[in-house]
Structures are given as C-alpha cells and as structure tokens.
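Asker: Quick note: the sequence shown uses my numbering, first residue 182, plus one each step. Just so it is clear, CB atoms sit at the ideal spot from N, CA and C, and this is done for glycine as well. Computed from a prediction, not measured in an experiment: that's the story for all the values here.
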Amino acid sequence: MRILFLSKRQYMGKDLLDDRYGRFYELPEQLAARGHTVMGCCLAYHRRKKNSVVPTLITPTGVTWHAYDLRHGGLLNPLRYHREMLLHIREFRPDVIVACSDAFHVIYARWLGSRHHVPVIADLYDQFEAYGANRIPGLQTMFRKAIKLVDGVACVSDPLREWVASLRGSDANTLCLGNAVDHRIFMIRDKQDCRRRLGLPSGVKLIGTAGALTTDRGIETLYRAFALLAERYLDLHLVVAGPRNT
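(1) Name the one or two DSSP bridge partners that threonine 355 has.
(2) Among the candidates Ala353, Phe285, Val279 and Ala391, whose CA atom is the shortest distance from the CA of methionine 193?
(3) Tell me the DSSP secondary structure of phenylalanine 367 in three-state form.
(4) Specify, as a first and last residue, the run of the beta strand (DSSP E) that cysteine 222 falls within.
(5) Determine the burial state of asparagine 232: buried for a count of at least 16 other Cβ atoms within 10 Å of its Cβ, exposed for fewer.
(6) Which of the three DSSP states, helix, strand or coil, is assigned to glycine 295?
(7) If lysine 386 sits next to leucine 417, beta carbons under 8 Å apart, how far is it from one beta carbon to the other, in whole angstroms?
(8) At a cut-off of 7 Å, would you count proline 300 as near the ligand MG, judging by its Cβ distance to the nearest heavy atom?
(9) Select from Arg271, Leu293, Glu272 and Leu268 the residue whose C-alpha is nearest the C-alpha of valine 279.
(10) For phenylalanine 186, list the residues DSSP reports as bridge partners.
(11) Taking the alpha carbon of glycine 203 as the reference point, which residue from Gly350, Pro275, Val362 and His227 has its own alpha carbon closest?
(12) Cα separation between isoleucine 388 and leucine 409?
(13) Does the Cβ-Cβ distance between alanine 314 and aspartate 283 come in under 8 Å?
(14) Measuring CB to CB, does valine 334 end up less than 8 Å from leucine 381?
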C-alpha cells in the first residue's frame, strides 16, 4: 500500500525530522517496516533553526519525508505548499492519506482526498478542539465536518474515541491506537538512584505529571486533587515538569 502522511513539523517542543520524534515519526516508520511504501510531508508553521535538516529526508526504514515552511521569504505562502501536495498526489499516487497533528491538516486532507478520490484517515493524538487555533471563526465547524466525512479515525485514547463516535456513530471506522514506550529509552531503573539524581526526597510518596501545566489544559484539577490528598497523606509530594501559566 502507498501511504501519504501529512503533519505539522514542530510539536511538543520538538521537531519531527530534526529530533526524529514522536507519534508522527514512528507511525510511518512502523508501516514502512511492514512493507508499505510511505511518504511524509511536514509543514513548519514557525521559523526553523539554521542547522535544521535538508528539505528531503529518507529514514532508515525507507520513509521519504518532504519538509515545507509555511513562511517563505518572510511571508505566509500556503499556496506553494498546496501546489506541492497536488504534485505528490499525481506522482506518488497514494492509496490512502493519513492526516495528523491538528485540525488544519485533518480539514485539508479531507478536502484533498475527496477532490482526488483518495481515502483519508485522521489520526488524533489529542483533542484538537482544545487548541488555540480553534478560536478562528468557522474552524470548529469545518473540523467536525471533516471528522464525520473521513474514511476512518485513529484516536490516542478511549475518551477521544468516544467523542469521535458521537460525531460519526458507533459503527463508523474508529479505533483507539494508544502511544507506546520506546524501551531503548525508557526502562526500569533504581528508584533511589533516580530520586538522588533528580534532587527529589527519598522515603516519601511522589505523584506528578509532565507536559503543559496550563489552565487551558485542566492543570487546576490536578492541583485541587493533590490538595485533598495532601490532607490525608502528610508525606505526599507533588512533582511537575513543563511550562505553566499559574
């Protein structure tokens, strides 16, 4: 099968190609390792570092990635990106398009697929309606319409799958495809040694989270829950890591 992935380039403070990072990098890799012919196109919304990778990258499994910048010559240039996507549709002739990373890519891929008669799968690694871009008038309506009309949806969690099913119906092609852990990086280590290296206290209970610690992501719920538990367990400590606005 010939699979075309569309994704933004920068997310979660990482660069998809420079860092070879995350779900949008690993999904194409695993599909290529299973014998599929995979091409990826990633769009950078922000200016990239000068030492960023060249516009085309071929990964160890044979995935060909094409990188594009939304800003070209200091100006926004979405038409250039659109022309390149039409060229890939004609020359690569994908059997399916997979749209990742945000509402924009889901909406655009759904339109592209319907225009060129190519099935489209939306991959939701998060609830895109919670993103700031959703404040753009009409975007939420277009996103929900695209979710209803794509040929299938993969969701990172069961609650997200249930939300998709509320739009598409319970019998629609919707599945939960959770994130995995790379055991080459994450492994069981000595607990006390880890606490010592991170400067955390020993002999106490630790709970915590890492990621965006902002009010729009519901971090206040965690803080309130910790306050309630701390009244019952005096040796409980909260550990957090990530950007916050509180």
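Answerer: Reading from the atomic positions:
(1) Val334
(2) Ala391
(3) coil
(4) 218–225
(5) Model confidence at asparagine 232 stands at a pLDDT of 49, short of 50, so the residue's coordinates are unreliable; what they give is reported in the following sentence. Exposed, by the Cβ-count rule.
(6) Residue identity differs from the one stated: residue 295 is serine in this sequence, not glycine. In this structure, serine 295 counts as helix in the three-state DSSP scheme.
(7) 5 Å
(8) The ligand MG is not among the ligands present in this structure, which contains no ligands whatsoever.
(9) Leu293
(10) Gly221 and Val279
(11) Val362
(12) 13 Å
(13) yes
(14) no
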